[in-house]
Amino acid sequence: MISITNDTVYEQLVEEFISNLVLVTDNANVIVRPARATVMIFDDDIPAPVFEMTMYTVPEDDPGSVRLCVDIGVEITEPITYTITTAQKNPPQAEDSDFTGGTTITIAPPGTESCTNFSDLVVNDNIGLEGNEAFTILIDGSMAMVTITEDDDVSIGFNPTAYMVLEGGSVDLIIERMGDAEDPVVATVLTRDGSATAGEDYVRLDGVEVTFLPGEFTQTVTLNTMADLPAEGDEDLVATLSAVDARVDVTQPNATVVITDDVVPTISFSTSNYVVGEGDGTVEVCLQLNVPLVADIDFTVTAASGTATADEDFVDEEQRAVFPIGETRACIDFKITDDRLQENDEIFTVAFSSRPGITTGDPATATVTIIDNDDPEPEFDQTMYTVPENNRTLPLCIDIGVLVSEAMEFTITASNKNPPEAQEADFNPSTTITVPAGGSMACIDFTGLVVDDNIALEGDQSFTISVGGSTSMVVIVDDDIPLIESGDVIINEDGGIAVVNVRLLNEIENNFTLDYSTGEVPDGANEGEDFGRRGGRVVFTPRGVKQRSIEIPITDDQQTETDEPLFVTFSSEDIPADRQDMIPSPMVIIIDNDITVGFDPSEYSVAERPGGFVTLTVTRSGNIDLTANVTLLTLQGSADDMDFTIVSTTVEFGPGEDSVPVNISITDDAVPEGVEVFTATLMSNAPNVVVSGSEATITILENDQPVIGTIVNDTIIGDPLFTVTLPNEDEFMCYEVHGYSGKYFNLVSDSCTSVNALFSQLPDNDRINLMSDIGIYTRDDDGQCIQIQISVTGCSGSVDGQALTSSYQVAGVNVRSYPNRWRVSAPNCGSTQLVMWIFCKSEPDMLRFHIARGNNLDPTSHGLLAQFWNIPINITTRNGEPYVQVFDPTHENYRLIPAFPAPRTWDHTPAPCYYVGNAQGGPSRSHDPRESVIEGKVDDYETSSLFSPIFLYAQFDESVCSTAA
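Take the sequence shown: its letter number 742 is residue 742 in the UniProt record's numbering, and every next letter is one higher.
Here you go:
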C-alpha cells in the first residue's frame with residue numbers, strides 16, 4: 001500500500017509517479033510482469049477568492065486609494081488574476097456616476113492572498129448635503145459593500161461684507177454659496193441697527209429667506225434706505241446671515257452697510273488715455289475716488305487686447321488697486337513688452353470691477369497707447385497710378401508702416417521712366433507730403449503734377465514718382481479731344497446758300513476726321529422742300545488750316561409759314577462716345593418772307609343789350625412791313641340776322657400794323673331764347689398772305705327773363721341730385737341733373753377736363769332715372785390724357801380700360817376708392833384742380849352725387865354741373881319769392897332761377913336747401929320744363945359716348961394731350 005499526501009496546493013494538473021516491483025527470490029521460475037506501475041494523483045484544491053472585509057469605508061473627497069485584500073484559501077503554483085467589479089446595491093444609494101467600473105488583482109505563488117490599492121474608485125462630485133452612499137464590489141462569488149462618506153462642505157456668506165448706499169437709495173447685498181448641494185439651501189437675512197435706525201433710515205430685513213437651488217451660487221437681497229431731511233452724516237447697520245440647515249457653514253455671516261448722507265462715492269480712472277513708449281517697461285494706471293472712505297477698499301483692474309495683443313505687447317495680469325482709509329488715489333503698473341518690431345502704435349484697454357455702494361464714474365475705461373520705437377519706411381499705396389491729363393491732380397497716399405508721434409514730411413519726386421515716354425514738359429518735378437502726428441499714412445492731391453498741353457490725339461504717356469525707396473508709375477491718360485465750335489446761321493428764305501463754318505480750337509498730334517449731315521427739326525424746315533440735304537466729311541491735319549465750311553442750299557417755297565430751323569449734326573470716331581455731347585450741333589434758321597393772318601382770340605362772348613356790339617381782332621405775323629388785306633364774312637348759327645348785323649368787309653393792314661379791329665352790332669330783341677352762337681371767317685386776297693385760324697365763334701348771352709307763374713315738373717322723380725355750397729356756408733343750392741335713359745350727357749367741360757355721365761333707368765321702377773357710369777377725360781402733369789371710368793351701380797373704377805384693384809396715383813391724377821364712394825382729383829393743366837366725390841349708394845328717390853365747390857375749374861367752365869362752380873351764386877327775392885342769382889363772371893350778366901325752399905336733407909347737405917328745377921318730384925316755376933336751371937336745354941349737353949368731349953358748350957381742347965388717351 002502507498003499513502004498519498006493532501007498538500008492544499010492548487011497545482012491545476014494531474015500528478016503521477018512510477019512504482020517498480022522488485023523480485024526477491026531464488027526461484028528462477030518466478031517472473032515479474034509487469035515490473036513497473038504508474039500512479040496518477042488528481043488535485044482537489046480549488047481556489048475560492050474572498051474579500052478580507054465585508055464592508056469598506058472611503059471619504060468622497062479622498063478617492064486616491066482604497067486597499068482591498070483577497071484570500072483564495074489555497075496555495076498556488078502559478079499567478080492567478082481576478083477582476084473586481086462594481087455595482088449599485090439593492091436598493092440603490094450611490095449612482096453609477098459616484099464610482100468607477102472596476103479593477104484587477106493578481107495572486108502570486110506560492111501565496112494564498114494578495115492586496116491592491118484601488119485608485120479612483122470613488123468619484124468626487126463636489127455636491128454637498130447628499131449623505132453617505134453605498135455600492136458593492138464583487139470578485140467571483142464574493143461580495144463586499146463600500147460606503148462613501150460625505151465630506152463635501154457647503155458654506156454661505158456675504159461677499160463683499162461692506163456696502164455703501166446713498167441715502168434714499170437701495171443696495172443689493174450679495175450672498176455667495178461655496179460648494180454645490182443636492183437639495184436647495186435656504187438662508188435667512190435680518191438686520192440690526194448700528195448708527196442707522198430701522199424705520200427711520202432703512203427698511204428692516206426681518207428673516208428674509210434666500211434659497212439656493214442646485215447649481216445656483218449667488219443670490220441677492222435688496223436693502224432699501226429712507227431719505228430724511230436733516231443732514232446727519234454717514235450711518236451704518238449690520239445684516240446677519242444664517243442657514244436653516246445646520247450642515248451648512250456660514251463663513252461670513254455679517255455685512256456692514258454704510259448709508260452715505262448726500263455724497264455718492266464715485267470711482268473712475270484718472271484719465272481716459274495713457275501713453276507709454278514701447279521701451280518704457282511699465283505704464284502706471286491710476287484710479288481715483290471723489291471722496292475718501294471710512295474703510296479700506298480695493299478694485300480689480302483688468303486689461304483687454306485692442307490692437308495691442310495680450311502677452312505679446314503687454315503682460316496680461318489681473319491687478320488690485322487698494323485704497324487705504326482716507327485715500328482717494330490708487331495706482332498699479334502694467335508691464336509693456338519691447339518687441340522691437342516695426343509696427344504702428346498699438347492700444348489696449350483697462351477696466352475696473354464694480355463694488356456695491358460705489359458709483360462708476362467717467363471714465364470707466366481707459367485706453368493705453370503703446371508708442372512704437374521703430375523707424376518708418378514710406379511706401380506708395382499703389383504701384384501704378386492713372387491720371388487724366390486735363391485733371392492735372394493725382395490723389396495718392398503713402399504708408400510709413402508705423403505710427404509717428406510728431407508730424408513727418410517726405411518729398412515725392414517725379415522723373416522720366418526708362419525708356420522715356422512722357423517728356424519733362426508733361427509733368428512737374430516734386431512735392432511734399434506730411435504724415436500727421438499719431439498717424440502712419442498720409443494722402444494728398446498732387447495738384448499740378450500733370451501739365452495739360454491741350455494737344456489732342458497724342459496717346460497715353462507715363463513717368464515715375466519716388467518717395468524714400470518706394471517707386472510707382474504714373475500713366476497720363478490723354479483725354480484731350482479735338483475742340484470744335486460752330487455757330488447758328490440765320491438766313492432769309494431767298495438767301496440761296498447757307499454757309500456753316502466749323503473751327504478747330506486746339507492743336508492735334510494726328511489727323512482729325514469730322515463727319516457732318518443735315519437733318520430736320522420737328523415742326524421745322526423739311527428736307528427737299530425748304531433745303532437740300534448735305535452730308536460728308538472734313539479732315540483737319542496737324543498744324544494745318546483750322547476752319548472748314550459747309551454749304552447748304554435753301555429753297556424759297558413761296559409759302560406762308562413760321563421761321564423754320566434745321567440742324568447740322570457732327571460726329572467723329574476720334575472723339576470718345578461719352579464725350580460726343582461736346583460736339584456742337586448748329587442750327588440753320590430760315591426766316592420766312594410770307595404773311596400770316598387770323599383771329600386772336602378766336603372765341604368771343606357778348607351780352608344782348610341795347611346798342612351792343614362785339615369787337616373782333618384780326619392779327620397778322622410774318623413780314624409786317626408790307627401791306628396786306630383779307631376778306632371777313634359773318635355766318636349764321638343758332639343766332640341769325642335777327643340777332644346780329646351780317647358783315648362782309650375787307651380788312652386792310654398798313655405797313656407796320658399787326659392787328660385791325662372789326663365791330664359787329666348785336667340786336668337786343670327782348671325775346672327769352674337762351675344762349676345763341678354765330679361765326680366769322682377770313683379769306684386770303686394775295687398769294688403771300690396765308691389765313692391761319694380763319695374762324696371766330698361769337699356767343700350772345702341772353703338778357704331776357706322767363707315768364708314766372710307756370711308750374712310744371714321739369715324732370716322725373718329720381719334724377720341725380722347736385723348741391724352747391726352758398727356763400728354763407730350753411731345754405732345750399734340743390735338741383736337735379738337732367739338726362740335721358742341710355743344717353744350720355746356732359747357734366748363738366750373745361751379746357752383740360754371733360755366729365756360725362758351715362759343715364760340709366762332703374763330696372764324695377766321706370767319712373768326713376770339714375771347715373772350708372774361717370775367718365776372723366778383729363779390731362780395729367782406729364783401731358784398725357786387719360787380716361788377714368790367710375791361705375792356707380794357697381795362701385796368700381798378703371799383707368800384707360802384697366803380695372804382698379806387699388807388706388808391710382810400718377811402724375812397728379814389720384815383715383816381712390818372708399819367703402820361706398822370714389823374720390824377723383826386731376827391737376828386740370830396745373831392751374832386749377834378738379835375734385836369730385838361720387839357716391840355709389842342709390843335709393844329709390846335719388847342718386848347721391850356730390851362735388852365740393854371751390855377752386856376746381858376755370859371761370860369759363862361749362863356743363864350741367866360746372867357752370868355753377870367758380871361763379872357767384874346768391875339767394876335773392878323777387879316779388880317776395882326766392883330766386884337763385886347766378887352771375888356770369890366774364891360779361892357782368894346774371895340769371896335769376898326760381899328756387900323752392902325745402903327741408904329735405906341728406907348726408908352732405910344739411911337744411912335749408914334751395915331746390916331749383918324739380919324739388920325731388922315737387923313743383924317748380926319754369927317756362928320750359930327742360931331749361932329752368934341750366935343754360936340752354938338739356939339736349940344741348942348730350943354727347944355721343946362716355947368720353948366724348950363734344951357738345952354745344954364744349955370747352956375741352958384735345959390739343960393739350962401730348963398723347964391721346
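C-beta: ideal position from N, C-alpha, C; glycine also.
Among 432, 132, 326 and 543, nearest to residue 410 - alpha-carbon criterion: Position 410 of the sequence shown, counting from 1, holds the residue named residue 410. For residue 410, the nearest C-alpha among the options comes from 432.
Cα-Cα separation, residue 513 to residue 584: In the sequence shown, residue 513 corresponds to position 513, counting from 1. In the sequence shown, residue 584 corresponds to position 584, counting from 1. Rounded to the nearest angstrom, the two C-alpha atoms are 15 Å apart.
Supposed contact pair residue 106 and residue 86 - C-beta distance, whole angstroms, cut 8 Å: Looking up residue 86 in the sequence shown gives position 86. Looking up residue 106 in the sequence shown gives position 106. Actually they are not in contact, since the Cβ atoms of residue 86 and residue 106 sit about 19 Å apart, beyond 8 Å.
Close beta carbons around residue 852, own chain, < 6 Å, minus the five adjacent residues each side: By one-based count along the sequence shown, residue 852 stands at place 852. Low confidence applies here, because residue 852 scores a pLDDT of 40, under 50, leaving its location unreliable and the question unanswered by this model.
Counted within 10 angstroms of its Cβ, other Cβ atoms place residue 53 as buried (16 or more) or exposed: What you label residue 53 is simply residue 53 of the sequence shown in a count that begins at 1. Answer is exposed; the Cβ neighbour count stays below 16.
Residue 840 versus residue 794: straight-line alpha-carbon distance, rounded: Your numbering for residue 840 matches position 840 in the sequence shown. Your numbering for residue 794 matches position 794 in the sequence shown. In this structure, the straight-line span from the alpha carbon of residue 840 to that of residue 794 is close to 8 Å.
Cβ-based neighbour list, residue 874, same chain, cut-off 6 Å, excluding 5 preceding and 5 following: Taking the sequence shown and counting its residues from 1, one reaches residue 874 at position 874. Short of 6 Å from the beta carbon of residue 874, and not among the five residues preceding or following it, lie these beta carbons of its own chain, in chain order: 885.
Nearest to residue 322 (by Cα), restricted to the options 183, 287 and 582: Taking the sequence shown and counting its residues from 1, one reaches residue 322 at position 322. With distances taken between Cα atoms, residue 322 lies closest to 287.
Close beta carbons around residue 208, own chain, < 8 Å, minus the five adjacent residues each side: Position 208 of the sequence shown, counted from the start, is the residue given in the question as residue 208. The residues are 188, 189, 190 and 221.
Start-to-end residues for the beta strand (DSSP E) that takes in residue 369: As a working note, residue 369 is residue 369 in the sequence shown. Run containing residue 369: 365–371, per the beta strand (DSSP E) assignment.
Nearest to residue 256 (by Cα), restricted to the options 238, 244, 246 and 247: By 1-based counting over the sequence shown, the position of residue 256 is 256. Out of 238, 244, 246 and 247, 238 has the C-alpha closest to the C-alpha of residue 256.
Complete beta strand (DSSP E) runs within the segment 231–319 (minimum length 3 residues, chain order): 235–243, 249–252, 254–260, 266–269, 273–277, 282–289 and 297–305
Residues near residue 80 in its chain [Cβ-Cβ closer than 8 Å; skip 5 each side]: Locating residue 80 in the sequence shown gives position 80, counting from the first residue. Hits under 8 Å: 47, 72, 106 and 107.
From 623, 630 and 626, residue whose alpha carbon lies closest to that of residue 617: Position 617 of the sequence shown, counted from the start, is the residue given in the question as residue 617. Looking from the CA of residue 617, the closest CA among 623, 630 and 626 belongs to 630.
Whole-Å CB distance - residue 217 paired with residue 247, under 8 Å assumed: Numbered from 1 along the sequence shown, position 217 holds the residue referred to as residue 217. Numbered from 1 along the sequence shown, position 247 holds the residue referred to as residue 247. Incorrect: roughly 17 Å between the Cβ atoms, too far for contact.
N- and C-terminal bounds of the beta strand (DSSP E) containing residue 335: Translated into positions along the sequence shown, residue 335 becomes position 335. From DSSP, the beta strand (DSSP E) with residue 335 extends over 329–335.
Any beta strand (DSSP E) of 3 or more consecutive residues that is wholly inside the segment 637–688: 648–653, 659–665 and 676–684, all fully within the segment 637–688.
Member of 774, 953, 898 and 960 whose CA lies at the smallest distance from the CA of residue 946: The residue labelled residue 946 in the question sits at position 946 within the sequence shown. Residue 946 has its Cα closest to that of 774, out of 774, 953, 898 and 960.
Span separating the alpha-carbon of residue 928 from that of residue 940: One-based indexing of the sequence shown puts residue 928 at position 928. One-based indexing of the sequence shown puts residue 940 at position 940. Reliability of the predicted coordinates at residue 928 is poor, the pLDDT of 41 falling under 50, and the value obtained from them is presented with this limitation in mind. Their Cα atoms are separated by approximately 14 Å.
Check whether residue 813 and residue 786 have beta carbons under 8 Å apart: Locating residue 813 in the sequence shown gives position 813, counting from the first residue. Locating residue 786 in the sequence shown gives position 786, counting from the first residue. Going by C-beta atoms, residue 813 is nearer than 8 Å to residue 786.
CB contact flag (residue 104, residue 136, <8 Å): Position 104 of the sequence shown, counting from 1, holds the residue named residue 104. Position 136 of the sequence shown, counting from 1, holds the residue named residue 136. Cβ distance not < 8 Å, so residue 104 and residue 136 don't count as in contact.
Three or more C-beta pairs below 8 Å linking the segment 751–759 and the segment 949–964: yes
Helix, strand or coil at residue 939 according to DSSP, with G and I counted as helix: Along the sequence shown, one-based indexing puts residue 939 at 939. Three-state DSSP puts residue 939 in a helix.
Buried versus exposed call for residue 181 [16 or more other C-beta atoms within 10 Å across all chains shown]: Taking the sequence shown and counting its residues from 1, the one referred to as residue 181 is at position 181. It counts as buried.
CB contact flag (residue 70, residue 114, <8 Å): Translated into positions along the sequence shown, residue 70 becomes position 70. Translated into positions along the sequence shown, residue 114 becomes position 114. It is a contact, given that the beta carbons lie within the stated cut-off.
Coil, strand or helix - residue 201 by DSSP: Here the question's residue 201 lines up with position 201 in the sequence shown. Coil, per DSSP.
Simplified DSSP state of residue 95, which is helix, strand or coil: Residue mapping note: residue 95 aligns to position 95 of the sequence shown, counting from 1. In this structure, residue 95 counts as coil in the three-state DSSP scheme.
Under the three-state DSSP convention, the category residue 425 falls into: Counting from 1 along the sequence shown, the entry for residue 425 is found at position 425. Correct three-state label for residue 425: helix.
For residue 448 and residue 349, the rounded distance between their alpha carbons: In the sequence shown, residue 349 corresponds to position 349, counting from 1. In the sequence shown, residue 448 corresponds to position 448, counting from 1. Straight-line Cα distance between these residues: approximately 44 Å.
Distance, residue 492 Cα to residue 500 Cα: Locating residue 500 in the sequence shown gives position 500, counting from the first residue. Locating residue 492 in the sequence shown gives position 492, counting from the first residue. In this structure, the alpha-carbon of residue 500 lies about 15 Å from that of residue 492.
Residues bridged to residue 115 [DSSP beta-bridge criterion]: As a first step, residue 115 must be located in the sequence shown, where it is residue number 115. DSSP, once it has assigned bridges, lists 69 as partnering residue 115.
Sub-8 Å separation of residue 550 and residue 590 beta-carbons: Within the sequence shown, the letter at position 550 stands for residue 550. Within the sequence shown, the letter at position 590 stands for residue 590. No, the pair does not count as a contact, with Cβ atoms beyond the cut-off.
Beta-carbon proximity of residue 283 to residue 334, cut-off 8 Å: Within the sequence shown, the letter at position 283 stands for residue 283. Within the sequence shown, the letter at position 334 stands for residue 334. Going by C-beta atoms, residue 283 is nearer than 8 Å to residue 334.
8 Å Cβ cutoff met for residue 476 and residue 422: One-based indexing of the sequence shown puts residue 476 at position 476. One-based indexing of the sequence shown puts residue 422 at position 422. For residue 476 and residue 422, yes; Cβs fall inside 8 Å.
Residue closest to residue 254, alpha-carbon to alpha-carbon, out of 132, 233, 173 and 307: Mapped onto the sequence shown, residue 254 falls at position 254. Here the closest residue by C-alpha is 173.
Pairwise C-alpha distance: residue 481 and residue 454: By one-based count along the sequence shown, residue 454 stands at place 454. By one-based count along the sequence shown, residue 481 stands at place 481. So the alpha carbons of these two residues sit roughly 8 Å apart.
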